[in-house]
Every structure is written in structure tokens, then in C-alpha cells.
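J.:
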Amino acid sequence: MRKWIYIALCGLAATLLLSLVCACDPALPPGETVGQWLWYDRAALVAAACIGVGVLWAGKGGGLSLAAAVSWALMGWASVQAVWGMCQLFGLAPSGHALYALTGSFFNPGPYSGYLAMALPVCLHEYLCRQQTDPAGRYAAALAGLLILCVLPAGMSRSAWLAAGVSCGWVYGRHRGWGQRLRAFRQRKPGLFRGAVAGVCAVVCLGGLGLYQLKPDSALGRLFMARMSARAVWAEPWTGHGAGSFAAAYGEAQEAYFAAGRHAAWEERVAGSPEYAFNEYLQAAVEGGIPLTLLLLAGIGWVWRQGLRRGRWGCCGALLALGVFACSSYPLQLPVFVVTGACLLAACVCGGCRRGWLALALVAGGIGLGRLSGDRAGVRACREWMNARVLYQAGAYASAEEEYERLYPRLKDRAAFLFEYGHGLHRQGKYEASDRVLEQALRHSCDPMILNVMGKNRQALGDGQQAERCFLRAVHRLPGRIYPYYLLAKLYASPEYRHPEKLAAMKRTVLTKIPKVPSTAVREMREEVEKLE
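Residue numbers (mature numbering (1 follows the signal peptide of the UniProt record, and there is no 0)): -23 to -1, 1 to 510.
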């Protein structure tokens, strides 16, 4: 009896640790992650208590392995997400994003699909392990896998499809001994083996071309982001730009690239102002430097190798899926992937002994306890920010300023908060104060709108040269947008900073440049520019 209580408590602890995948708070700003961290803090403390009680209750008896607990918890929560997604597709549950029908508990379908892809190889491993010994477990794993396969194609995430395909192929190959068979085949028939490899490479290339044709501009955009991220890495290859500095470093790299004037037309078309690199390896190198990134990858590789040697192929397959997905997405910017990945790494090296569970309880509980106070304050501040945003959007800038000023110490690392605060100050004519806040926003964002507002601040203060500099920086940061050209045209037409030749060039650009998305705002800007002399 003691053994089963211990197993139940340990299984509950693993389920609680991975439960933050279902944490969503509509009272927080879209995409905000502090709510998930608060959920984790509380769940980790309860999980640590469950493990402690279970270990004390069981004494020295055996129990549930961490790998099994994490695997079944991951499959369970992935099944919940799959059912959640099907309810959204049939209109029985609301989506997390107005533009997408399928998001699960996530903000958009990309991370949602990545989470399902991470669980799929675990389902396959558990199904193959139980072909003869545990029919009930086999059917449960098959049901979880089928639920995932029902919604994974609808997510339209090529990164998730690739991650699921690679990881499931690897897990199936491990169970069927493909590695040994391939080595034997290569030794017996080397010519045929080389031909088979060439054929597989051709199929992979054709498949990649097909995936590219699904969303060509999206694929080109990812390629361009990788190129700009590499330029940011090259600027600080050894130490990186610092934690949380990716957006600012990326913006500077992209600005310098477009300012040189040697870019292609398609690069201008697909360029954007991303928060993340859509490649976790490049983002880690940008923020932490190449040596630290390689050290982290070596550590993860060593842990993965330990799991491979111990036969924990399901957990290794999930980590492989996460690694493939991380090549073209941003999973590690979301708490659910960080916590799930950490649990999978722990499952690779820890068995079912009491020491492994106690170590997990101490680490998870310690992190949860250390973060709890700050995350609780962060959630409270974000909810108050949402209330203050109503005043900002209604144009009550003076009332909103009081709230933004009070919340600034807690939210001064949120680019959206800083932009709203600085823009509200600009609308009140507090130009110097607005510039100070927007300078802080530039350290956390690559959005050219920040530079546009700073330029308007400088123009209002009579500093035409600095205003021109800010507008030109906005142009170079994202040359596909018409708005900064329009602001430059108005600046060159103003009596304080009149430049007829530059005005003519800007008017020509505004009137002839093809907008990325035609809109009423573009038409109104063109009508106004035509009247400038």
C-alpha cells in the first residue's frame, strides 16, 4: 500500500510540474509569460511537498521512475491540448488569437504545434515498449498519439511537422535496430548504400522545397532573420550582448545592413521587427556569446547521451523534437517549454531512486519559492497595466501617466509598456521625458515606431538634425514601411528645417513605394504628401 501511495504522489508531482501548459490568464497582456511562471511557482511547491511526503511514507522501497512519470504526464497534457484544439476547430472553445482558429492554451498555433510534436515520440516509444507486456498502457499511448495526429496537421507549422517526423523516425529506428542494419548494409553493398543515401537526400530536398512553397515569404523571412542574427552574433561573438538584449542587437544589425544599401528587394519585403530570433541557438549566441552557447549545448548533449545509454528513448526523442523545433521557432522563450525540457533532461539522468526524486523536489521547489514573490508582483503589475491601457487607448493620457509612472519600476523591461508610456508623454507635450522612456524601450525592442516617436519629439523641440537622424534610423531599420518616409517629407517641408531637394525625393518615395499591406492610412499619407511644397 505504501508503495502505491508513493507512486501516486510522485506521478501527481510530475503532472503538477508540467501543468503550466494549461495556464492562461485573459487578464494579462497577450503573449505575457509571467502568469505561467506564477503557476509554475505554486505547482512546484505543491509538487515538492508531494514528493517529500511520498518519500517519507515509502521508506526505502522502490517506486516510480522519473522517466515514466514525466513521459505519462507529458502524454496526458498533450492529449488535453489535442482535445482542446479539436474543440476550437469545431467552435466549441474560444481560440487564443483572433487570427487563428487553432491555438490550444497558447497564443498562436506555432508553439501549440511544437508542444504536440514534442509529445508524439514519447507516445510512439511507450506504444512500442508495451506491445507484449502492457496492453492497457499500449492502448493509452496509441490514443494519445492519435489525438495529437488529428490536430497537428491543422496547425500548419512546418517546424512542428519536421520535428515530429525526425523524432518519431529516430525513435522507431532505435526500436527496430536501424543503426545496426544500416552499418551492415553499408559494409555488404557500399555502392547501393551510396545510391540510397543520394536518393534519401533528393527526397529530403524535394520535401523541403514543398514545405517552402507552402509559405515562401515566411521561409525567406526566417532565412533573413537568421542572417541578421548571425551579424548580431559577429558584433559580440565572445561575450554576447547580454540576457534579454536580442531585440535591440537584432535591430542594430538590421539597421546597419539596410543603411549600407546593398540589400535585395526580397529582403526589404520580408524584413520585420521580431522579438525573437526564431532560432534558439542563434538567440543564445546573440545574448550569451558563442562559447557559452557551445558549453550549454555540450552539457545538453551529454545528458541526452546518458538517456540514450539508459534506454530512455521516449524522453530523448522528445528532446530531439524540441531541438529540431528550436531551429526555426522560439520555444525556450515560453515557460512551458523551459520547464518541460528541464524535466525531460532530469528524466534522462535520474532513475526511480529516492535521491533522484528528492533532488527534483529541492531544485523545483527552490526555484518556485525563489520566484514566487517576484512573479506574484509581476502578475499584479501586468493586470494593473491592462487597466491603465484602457485610459491610454481612450486618450486620457494624463490619468494614464500616473498609473504608468507607478508601474514603471516593475515593468521597465517590457517594450510594449515603455512604448505606451513614452507615447503618452509625447501626446502630452512632455517631449524630453518621452525621449528618456523611449530610449529605454529601444534596449528591449527593434520596433521602428519607437524611433518615429523620438524623431517627432526632437522635431517638436526644434532639433531638426536629430529628428532627421531618428527618422532615417527608422527607415533603415524597416525600409518597407512608408510612415517614416512620410515623416521625413513633413520634416523637410517644415519652415524650421526646409530642404526642397530632399522633400522632392521623399515625396517621390511615398507616392511610388508599394506598401506591404495597402490601407486607408497609406492613401491618406499620400494625399497629404501631395499637398506639401
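Each residue gets a CB set at the ideal place from its N, CA and C atoms; glycine is no exception.
What's the gap between the Cα of A(-1) and the Cα of Q65?
T.: Cα to Cα, A(-1) sits roughly 17 Å from Q65.
J.: Taking C-alpha atoms, which residue in R446, G198, A298 and A241 lies nearest to S250?
T.: When only C-alpha atoms are compared, the closest one is G198.
J.: Output yes or no for whether 7 Å exceeds the beta carbon distance between P112 and V148.
T.: Going by C-beta atoms, P112 is not nearer than 7 Å to V148.
J.: For the alpha helix (DSSP H) that contains H152, what are its first and last residues?
T.: Run containing H152: R135 to R153, per the alpha helix (DSSP H) assignment.
J.: Would V180 be called buried (16 or more neighbouring beta carbons within 10 Å of its own) or exposed?
T.: With fewer than 16 Cβ atoms within 10 Å of its Cβ, V180 is classed as exposed.
J.: Would the beta-carbon of Q405 fall within 7 Å of that of Y374?
T.: The answer is yes: Cβ separation under 7 Å.
J.: Cα separation between A337 and L200?
T.: Looking at the sequence provided, one finds Leu at residue 337 rather than Ala. C-alpha separation (whole angstroms): 39 Å.
J.: Please return the same chain residues whose Cβ sits closer than 8 Å to the Cβ of H218, not counting the five positions on each side in sequence.
T.: Closer than 8 Å at Cβ, skipping near neighbours: A209, A212, A225, A226, V263 and E264.
J.: In terms of residue numbering, what span does the alpha helix (DSSP H) encompassing D111 cover?
T.: Where D111 is concerned, there is no enclosing alpha helix (DSSP H), given that its DSSP letter is neither H nor E.
J.: Report the three-state DSSP secondary structure of Y381 (helix, strand or coil).
T.: Residue state, collapsed to three classes: helix.
J.: Hey, how far is the Cα of L(-8) from the Cα of Q13?
T.: Distance between the alpha carbons of L(-8) and Q13 is about 13 Å.
J.: Helix, strand or coil: how does DSSP classify H74 here?
T.: Three-state DSSP puts H74 in a strand.
J.: Identify, in the order they occur along the chain, each residue of the same chain with its Cβ nearer than 6 Å to the Cβ of L398, setting aside the five sequence neighbours on each side.
T.: The question names Leu, yet the displayed sequence has Tyr at residue 398. Closer than 6 Å at the Cβ level, and outside the excluded window around Y398, lie Y381 and V414.
J.: Which whole-angstrom value is the C-beta distance of L428 and R450, which I expect to be below 8 Å?
T.: Correct: roughly 5 Å between the Cβ atoms.
J.: Please tell me whether G53 and L79 are closer than 7 Å, where the distance is taken between their beta carbons.
T.: Going by C-beta atoms, G53 is not nearer than 7 Å to L79.
J.: Buried or exposed: Y116, going by 16 or more other Cβ atoms within 10 Å of its Cβ?
T.: Exposed, by the Cβ-count rule.
J.: By alpha-carbon positions, which one of H400, Q260 and C327 ends up nearest to G288?
T.: For G288, the nearest C-alpha among the options comes from C327.
J.: Tell me which same chain residues have a C-beta within less than 6 Å of the C-beta of L274, skipping the five on either side of it?
T.: Taken in chain order, the list of residues that qualify is empty.
J.: Please report the distance separating the alpha-carbon of L(-6) from that of G284.
T.: The straight-line gap from Cα to Cα measures roughly 20 Å.
J.: In this structure, does DSSP put H400 in helix, strand or coil?
T.: H400: helix per DSSP, three-state reduction.
J.: Taking only the alpha-carbon atoms, compute the straight-line gap between A298 and G29 and give it to the nearest angstrom.
T.: If you take the alpha carbons of A298 and G29, they lie about 32 Å apart.
J.: Just how far apart, CA to CA, sit R353 and A131?
T.: If I take the Cα positions, the gap works out to 36 Å.
J.: For D412, is the classification buried or exposed, using 16 other Cβ atoms within 10 angstroms of its Cβ as the cut-off for buried?
T.: With 16 or more other Cβ atoms within 10 Å, it is buried.
J.: Please list the segments of the alpha helix (DSSP H) lying wholly inside the stretch 445 to 509, counting only runs of 4 or more residues, in order along the chain.
T.: Fully enclosed alpha helix (DSSP H) runs of 4 or longer: 460 to 470, 477 to 489 and 497 to 507.
J.: Per DSSP, what kind of secondary structure is W334 in: helix, strand or coil?
T.: Three-state DSSP puts W334 in a helix.
J.: Take every Cβ of the stretch 455 to 475, pair it with every Cβ of the stretch 498 to 508, and state whether three or more of those distances are shorter than 8 Å.
T.: Short answer: they touch.
J.: I'd like to check one pair, A21 with G345: are the Cβ atoms closer than 7 Å?
T.: Taking 7 Å as the Cβ cut-off, G345 and A21 qualify as a contacting pair.
J.: Can you name the start and end residues of the alpha helix (DSSP H) that P193 belongs to?
T.: Element bounds for P193: P193 to A212.
J.: For K433, count neighbouring C-beta atoms within 10 Å of its own C-beta (all shown protein chains included) and say buried if the count is 16 or more, exposed if not.
T.: By the 10 Å Cβ count, K433 comes out buried.
J.: Give every residue of the same chain whose Cβ lies closer than 7 Å to the Cβ of C325, excluding the five residues on either side of it in the sequence, and list them in chain order.
T.: So the qualifying residues of the chain are V280, W281, Q283, G284, R289, C292 and C293.
J.: Where S56 and L321 are concerned, what is the direct C-alpha to C-alpha distance, given to the nearest angstrom?
T.: Between S56 and L321, the C-alpha separation is close to 18 Å.
J.: Using a Cβ-Cβ cut-off of 7 Å (strictly less than) and excluding sequence neighbours within five positions of L41, which residues of its own chain qualify?
T.: Once the five neighbours on either side are set aside, the close Cβ partners of L41 are I(-17), C(-14), G(-13) and G329.
J.: Determine the direct distance from the alpha carbon of K490 to that of R246, and round the result to whole angstroms.
T.: Distance between the alpha carbons of R246 and K490: 12 Å.
J.: How about the stretch 297 to 315 and the stretch 230 to 249: do they share at least three Cβ pairs that are nearer than 8 Å?
T.: These segments do not touch.
J.: Do L480 and residue 512 come within 7 Å of each other at the CB atom, strictly closer than that value?
T.: Missing from the structure shown is residue 512; the chain here goes from -23 to 510 and no further.
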